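To get this note's numbering, take the position in the sequence shown, counting from 1, and add 7. Glycine included, each C-beta is placed from N, C-alpha and C at the ideal position. Nothing here was measured: the structure is a model prediction, and the numbers come from that model.
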Amino acid sequence: MKITHDKYEQEIEDALEKGEFESVSNLEDTKLLFKEAVKNYRELQGTKSITLRINKEDLIKVKAKAKRNRIAYQTLINLLISQYVKGEKKVAL
8 MKITHDKYEQ
18 EIEDALEKGE
28 FESVSNLEDT
38 KLLFKEAVKN
48 YRELQGTKSI
58 TLRINKEDLI
68 KVKAKAKRNR
78 IAYQTLINLL
88 ISQYVKGEKK
98 VAL
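Encoded structure:
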């Protein structure tokens, strides 16, 4: 019976056949390294509640803009922060 692979699996299969992978000297250490990386990645994917002090007038305006766009104001603030840290929004300091 022939096994069919998706594109990603086929790329791995081809790389194995070409000898593009090499053995690691200490497999257990490498496994621990990847487990730690996965754990750290999962922690970064979560959310964290914070307390934020914000000018009342600014909060009213943020809530109004969020309401017009039918999203929670917390979501709008989260989007703004996310865009800023990615360099998509600039802030004059």
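- For L51, the enclosing alpha helix (DSSP H) starts and ends at 34-52.
- In this structure, the CA atom of K14 is about 16 angstroms from the CA atom of K25.
- Annotation for K70: Y80 place their beta carbon closer than 8 angstroms to its own, counting only its chain and skipping 5 residues before and after.
- Per DSSP, A22 is one residue of the alpha helix (DSSP H) stretching across 14-25.
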